[in-house]
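These protein sequences, in sequence, are chains A and B. Each step along the first sequence adds one to the number in numbering that gives the first Met the number 0, with nothing skipped, and position 116 is 115. Each step along the second sequence adds one to the number in numbering that gives the first Met the number 0, with nothing skipped, and position 68 is 67. C-beta: ideal position from N, C-alpha, C; glycine also. Predicted model, so just to flag it, every value in this text is computed and none were measured. Here the structure comes first, spelled out in structure tokens, and everything after it is commentary.
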Amino acid sequence: MATPDSAEVVVIGSGICGALAARKLALRGVPVLILEAGPRIDRGRIVAAFRNSPRKGDWMSPYPYSPWAMQPQYKPKDNGYLIQAGPYPYPAEYIRVVGGTTWHWAAQAWRLVPNDVRIKSLYGVGVDWPMTYEELDPWYQEAEEILGVAGADNTGSPRKHPFPLPPVADPWSMIRFRERLAPVYPVVANTVARNSRSYDGRPACVGNNSCQPICPVNAQYLGINAVEAAEAAGVKVRADAVVYRIEADAKGRIAAVHYYDPDKTSHRVTARQFILAANGIESPKLLLMSTSSKYPNGIANSSGMVGRHLMDHPSSSLTFYADEELWLGRGPQSPSSINTMRDGAFRSQHAAYRLDFTNISQVLSVTEALIAEGVYGPEFEKQLRWRAARQCNVKNVLEVLPNPDNRITLSSEKDALGIPKPVAHYSIDDYTRRGAERSKQDFAKIAELMGGTGLRYSPDGQFANNQHITGTLRMGDDPAKFVTDGFGRAHDHENLYMCGTGVMPTAATMNSTLTAVALALRTADHMVPAKSSGADNGGAT
Amino acid sequence: MKSVNTARGKVEPVDGCATPASRPDGPIDPARRKLLAGLVTAYTASLVPWALAVPVTDAGHGAFVALSAILAGKRVLNSVLGQRLHAALVDIEPGFDADCQALLKQIEAQQIDPAKLQGALDAAHSSLAPLPRKLMRAWCLGLVGDGEATRCVAYENALDAVMVADVLKPPTYAYGPYGSWSNPPAAKGGDEHGNA
Ligand SMILES: Cc1cc2nc3c(=O)[nH]c(=O)nc-3n(C[C@H](O)[C@H](O)[C@H](O)COP(=O)(O)OP(=O)(O)OC[C@H]3O[C@@H](n4cnc5c(N)ncnc54)[C@H](O)[C@@H]3O)c2cc1C
Ligand code: SF4
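So this is what it looks like as structure tokens:
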């Protein structure tokens with residue numbers, strides 16, 4: 000039996016982008032309802048579940064799985080939710096719970112570099128953004144103040160105001176990388192949503208080294224912090240509400256959305272304005288599913304661009320033993336990068352990239368390797384300590400260009416509620432592969448400067464995925480080529496907005512979330528402009 | 000900060016995954032107590048002299064303890080954890096004790112060096128070849144069972160964490176006050192553990 004319901008603004012998805020857009024609107028006096036597919040979860044239980052998990056290397060393993068809100072899972076076996084059409088696999092990972100995927104992000108909170116928004120004009124590749132970097136600066140600043148971003152000014156992304164927090168203290172391993180690579184490479188502290196001192200009621204980092212899959216102490220900003228802040232501002236959040244249809248009226252305005260509860264009872268919710276923020280895969284899926292005689296290709300899809308131009312950041316890597324004890328695993332997981340290849344004239348020829356150093360403890364992988372090798376007796380402990388102290392890794396984070404054939408479509412297979420599963424069509428083109436090839440020079444040089452031995456390159460042509468789902472709702476001025484306008488409003492529906500990494504027209508070389516949050520705040524501001532400027536900026540102290 | 004843990008990150012396990020089905024983590028019944036020394040040959044005694052005083056319940060448990068000591072090459076093995084791992088392994092595979100006894104017998108009879116054990120078993124296509132890895136996986140990663148049936152019996156006490164405990168905390172446990180990780184790692188024992 001359907002339960003009618005309504006709000007001024009309905010937001011679909013309680014991830015960091017949806018929740019912070021909702022909060023901003025609520026601070027401006029707008030009644031907002033968030034519909035969230037997944038359940039509420041508890042941090043303490045996730046920490047305990049991780050400690051008890053038989054798969055410590057699988058960051059999904061501590062998170063609950065809800066049959067009504069399926070999410071891609073690959074271990075211990077593929078749950079078959081995200082269907083792979085190839086030619087290259089796209090094993091996306093996201094969490095459908097209140098707060099969304101940033102429950103287990105690494106909190107790298109990078110800005111673009113200015114030229115990222117003009118790669119078509121400057122380098123003849125990809126597409127330009129419908130805004131300048133300068134236009135984004137205040138929204139970045141607002142996002143950084145909410146998230147509590149720590150960083151230094153040497154990252155290549157200019158800013159008008161200082162970071163809210165000083166950079167997080169370097170782990171010893173990264174101090175050594177910085178010192179030893181200095182003649183050739185500047186190693187910079189990552190800009191991160193991780194507290195370098197207590198901030199906004201959350202404590203400073205204490206180095207648990209489990210940022211992925213869960214920060215036990217709330218030192219890293221997560222989507223759940225955004226949800227709690229939204230609720231404090233008056234936003235209502237309805238968990239376990241799986242939106243399965245967006246309904247347009249005769250004039251093309253969105254009239255309502257329909258959701259299932261876990262029992263598959265259908266509910267219809269009306270609103271004056273809507274924000275779709277269900278992430279770069281679930282959002283286009285929902286638009287494509289919402290077909291009608293007037294919209295046979297789905298909502299917001301007169302251009303046929305919904306779900307297309309799927310991008311992410313593939314990585315190849317080098318693992319080696321340094322010639323001194325670094326002991327990765329002391330302090331946070333994602334401390335440092337080399338940014339020198341994020342921009343340059345070479346972008347007309349090959350992909351730009353960031354070089355990323357991990358500080359994840361190597362004990363698990365070394366132990367697994369020693370057991371696999373059959374090393375027993377006193378040699379085991381000796382080798383474990385030697386390798387865990389010296390093993391280190393550098394990876395590239397490669398730009399992928401927008402390609403309409405890389406896309407999300409609907410499968411004929413259905414989930415438990417009868418909702419189509421998403422299909423990923425993905426490939427990694429020569430532009431990106433040339434970037435990967437170029438980065439091998441850097442890998443080799445870095446290993447040389449660190450006295451590296453036992454060099455293990457990831458196999459040629461094989462890439463790990465970084466889970467930055469980009470491009471599927473891309474923004475741009477031309478309604479024939481883009482899904483939303485420069486403010487995230489659907490070209491086809493004046494009261495439908497989209498937030499999340501999906502709206503980004505290109506992927507550039509930085510983890511995408513900070514940019515998506517900045518754009519989401521800008522979208523909310525566009526929907527309901529401030530009466531007096533700056534009244535609701537920041538919110539963190 | 001509702002449901003947020005302390006800075007030390009202490010969280011009680013909430014589900015049964017860390018506990019094997021049977022839970023023999025109390026002291027061994029004195030009436031059944033034997034010492035490992037009575038169950039092994041001189042060759043095993045020479046490999047793991049420190050393990051000889053470990054109390055065991057029977058020959059099967061004794062073989063498990065002896066093999067564990069040989070494989071892990073660790074002076075002190077946590078005997079309470081050993082009982083839990085043993086119970087979990089037997090629970091999964093009823094023939095586990097018999098396999099342990101057979102492998103121990105083979106090591107003793109052929110005086111196999113632990114460093115060469117896996118190679119020897121693989122070369123002989125022995126049906127016991129998977130056993131050392133099962134034991135090491137249990138002790139070092141706290142894991143027993145395969146695929147979806149894998150269970151986690153230990154984390155903080157697993158040997159991989161214990162062997163580096165002077166330098167690292169297992170992930171989810173606080174390393175220390177903010178910034179303490181910027182200091183050089185103060186590993187105890189340095190050269191004893193060798194530079195390969
Ligand atoms: C392991 C890992 C590490 C990462 N590390 C970083 C990092 O360091 N830096 C970075 O920038 N990014 C990182 N990311 C990416 C980051 O998590 C995402 O960019 C971010 O979560 C996107 O936010 P979002 O709000 O758009 O989507 P999400 O966080 O995915 O939230 C979307 C929400 O919508 C809900 N939803 C979905 N479908 C429906 C529906 N039909 N009805 C109602 N609700 C629905 C979902 O349940 C979810 O709560 C990482 C990702 C992973 C997996
Ligand atoms: S290192 Fe620990 S305290 Fe710091 S952010 Fe990561 S998990 Fe949280």
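Under the three-state DSSP convention, the category residue i falls into
i                     : result
residue 62 (chain A)  : coil
residue 391 (chain A) : strand
residue 141 (chain B) : coil
residue 77 (chain A)  : coil
residue 266 (chain A) : strand
residue 27 (chain A)  : coil
residue 174 (chain B) : coil
residue 119 (chain A) : helix
residue 211 (chain A) : coil
residue 179 (chain B) : helix
residue 131 (chain B) : helix
residue 95 (chain B)  : helix
residue 497 (chain A) : strand
residue 146 (chain B) : helix
residue 20 (chain B)  : A caution first: residue 20 (chain B) carries a pLDDT of 36, below 50, which makes its placement in the model too unreliable to give a value.
residue 115 (chain B) : helix
residue 527 (chain A) : coil
residue 17 (chain A)  : helix
residue 273 (chain A) : strand
residue 45 (chain A)  : helix
Distance between beta carbons of residue j and residue i, contact taken as under 8 Å
i                     : j                     : result
residue 148 (chain A) : residue 137 (chain A) : About 14 Å separates the two Cβ atoms, so there is no contact after all.
residue 471 (chain A) : residue 306 (chain A) : 5 Å
residue 333 (chain A) : residue 394 (chain A) : The Cβ separation is near 11 Å, so there is no contact.
residue 36 (chain A)  : residue 110 (chain A) : That pair is no contact at about 30 Å.
residue 103 (chain B) : residue 41 (chain B)  : That belief does not hold up - the Cβ atoms of residue 103 (chain B) and residue 41 (chain B) are roughly 13 Å apart, past 8 Å.
residue 276 (chain A) : residue 10 (chain A)  : 6 Å
residue 63 (chain A)  : residue 90 (chain A)  : Contact flag wrong, Cβ pair sits at about 20 Å.
residue 134 (chain B) : residue 70 (chain B)  : 6 Å
residue 403 (chain A) : residue 410 (chain A) : So it is not a contact: roughly 19 Å between Cβ atoms.
residue 237 (chain A) : residue 26 (chain A)  : The pair is not a contact, with the Cβ atoms about 20 Å apart (cut-off 8 Å).
residue 247 (chain A) : residue 191 (chain A) : Not a contact, Cβ separation roughly 41 Å.
Where residue i meets chain A, residues with beta-carbon distance less than 7 Å
i                     : result
residue 105 (chain B) : The contacting residues do not exist; residue 105 (chain B) stays about 14 Å from chain A at best.
residue 80 (chain B)  : What residue 80 (chain B) touches in chain A: nothing, since even the nearest Cβ is about 15 Å away.
residue 147 (chain B) : 75
residue 206 (chain B) : This structure does not reach residue 206 (chain B), given that chain B is present from 0 up to 195, and the question cannot be answered.
residue 71 (chain B)  : 379
beta-carbon residue i near ligand 1 non-hydrogen atom, thresh 7 Å
i                     : result
residue 204 (chain A) : no
residue 277 (chain A) : yes
residue 12 (chain A)  : yes
residue 67 (chain A)  : no
residue 336 (chain A) : no
residue 511 (chain A) : yes
residue 35 (chain A)  : yes
residue 518 (chain A) : no
residue 325 (chain A) : no
Proximal residues of chain B, C-beta to C-beta of residue i below 7 Å
i                     : result
residue 391 (chain A) : Simply none; closest approach about 13 Å.
residue 366 (chain A) : 139, 140, 159
residue 387 (chain A) : 163
residue 53 (chain A)  : 142, 149, 150, 151
Amino acids of chain A, ordered along the chain, whose beta-carbon sits closer than 8 Å to that of residue i
i                     : result
residue 114 (chain B) : 374, 375, 376, 378
residue 136 (chain B) : 370
residue 181 (chain B) : 168, 169, 170, 171, 174, 330
residue 131 (chain B) : 373, 375
Residue i Cβ short of 7 Å to ligand 2 heavy atom set
i                     : result
residue 224 (chain A) : no
residue 330 (chain A) : yes
residue 219 (chain A) : yes
residue 193 (chain A) : yes
C-beta neighbour in chain D for residue i, strict 8 Å
i                    : result
residue 40 (chain B) : Protein chains A and B are contained in the structure displayed, whereas chain D is not.
- Message: So within the stretch 416–481 of chain A, which uninterrupted beta strand (DSSP E) runs reach at least 3 residues, ignoring any that extend past its ends?
- Response: DSSP runs (the beta strand (DSSP E)) wholly in the stretch 416–481 of chain A: 419–425, 452–456.
- Query: Which whole runs of the alpha helix (DSSP H) in the stretch 304–383 of chain A are 4 residues long or more, in chain order?
  - Reply: Within the stretch 304–383 of chain A, the complete alpha helix (DSSP H) runs of at least 4 residues fall at 362–372.
- Message: Quick check for students: name the residue ranges of the alpha helix (DSSP H) that lie wholly in the stretch 29–73 of chain B, counting only runs of 4 or more.
- Response: 41–46, 58–71, all fully within the stretch 29–73 of chain B.
- Query: Residue ranges of each alpha helix (DSSP H) run of no fewer than 4 residues wholly in the stretch 149–236 of chain A, ordered along the chain?
  - Reply: 171–180, 222–231, all fully within the stretch 149–236 of chain A.
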